[in-house]
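A short write-up of the structure that comes next.
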Amino acid sequence: MIVRFTNKDIICQIVYARIEGDMIVPSAYSHEFPRYGIKVGLTIYAAAYCTGLLLARRILKTFNLDTIYDGYTDVSGEEYNVENIEGKPRAFLAFLDVELSLTTTGARVLGAIKGPVDDGVEKLHNVNRFPGYDAESEEFKAEVHRDNIFGKHVANYRSTLQEKDVKTYKKQFLRYIKLGRTPELIGKLYIYIYIYIYI
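Here it is in structure tokens:
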């Protein structure tokens, strides 16, 4: 699985090698989301999660695994690993390629990993890189991760910045303001994307 970030887009692709060159099976892009109501914030953690989730749905449908592996439909931020079902095809296994993106704790690229994992794609991963993991106590707080999946960290930052520095707030969140996207609305918009992906 290839994950790439640009200034305005997130690209997730499943690629396999052939003699004649690399073959892309399905792809998912965050620039697909404006038709479902999300016109801004296409590169935040929540968008990365949704893009990965959309890619997973497409790959599972491509190989007729979507009816076998439903995934974890409750977006709670908890750790989830798909179990292979005896007598059925194995879960789709993907290896991550992030190129030069950093995989430090809480990085956006990890959202693109969590989306497919929640949807039933098998990946080698560890929760100690997801948002909500505390290295000192070695504990994982799923509610912090869930907040990132729903963009609550962006909403909190917007609210804080609006109180402290209105000028910077208006500059940084100009497109949100023009579209009337309040901080409270961010998480609700991503719920629509999750519903769309599973329909």
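Per the working numbering, the sequence shown runs over residues 70 to 268.
All residues carry an ideal CB built from backbone N, CA and C; glycine is no exception.
Does DSSP classify Gly256 as helix, strand or coil? helix
Rounded to the nearest angstrom, what separates Ala176 and His100 at their Cα positions? 20 Å
Can you list, in chain order, the stretches of the beta strand (DSSP E) that have 3 or more residues and sit fully within the stretch 90-125? 90-98
Excluding the 5 residues preceding and the 5 following Ile182 in the sequence, name in chain order all residues of the same chain whose CB lies nearer than 7 Å to its CB. Gly121, Leu165, Lys192, His194
If Leu129 sits next to Ile266, beta carbons under 8 Å apart, how far is it from one beta carbon to the other, in whole angstroms? That belief does not hold up - the Cβ atoms of Leu129 and Ile266 are roughly 11 Å apart, past 8 Å.
Alpha helix (DSSP H) containing Asp149: first to last residue? Before going further, note that residue 149 is Tyr rather than Asp in the sequence given. DSSP places Tyr149 in no alpha helix (DSSP H); its state is neither H nor E.
Strictly under 8 Å for the Cβ-Cβ distance: is Glu207 near chain B by that measure? Given the protein chain composition of this structure (a single chain), no chain B is represented.
Please determine, among Gly90, Leu111, Ile107, Arg104, the residue with the shortest C-alpha to C-alpha distance to Ile80. Closest by alpha carbon: Leu111.
Mind listing, in chain order, the continuous alpha helix (DSSP H) runs of no fewer than 4 residues lying wholly within the stretch 183-244? As far as the stretch 183-244 is concerned, its whole alpha helix (DSSP H) runs of at least 4 residues are 211-218, 221-233, 235-241.
From this set, Thr173, Thr142, Phe74, Leu179, which residue's C-alpha is nearest Gly189's C-alpha? Thr142
Just curious, the beta strand (DSSP E) that Ala86 is in, first and last residue? 79-87
Between which two residues does the beta strand (DSSP E) holding Phe161 run? Taken as a continuous stretch (DSSP letters only), Phe161 belongs to no beta strand (DSSP E), as it is neither H nor E.
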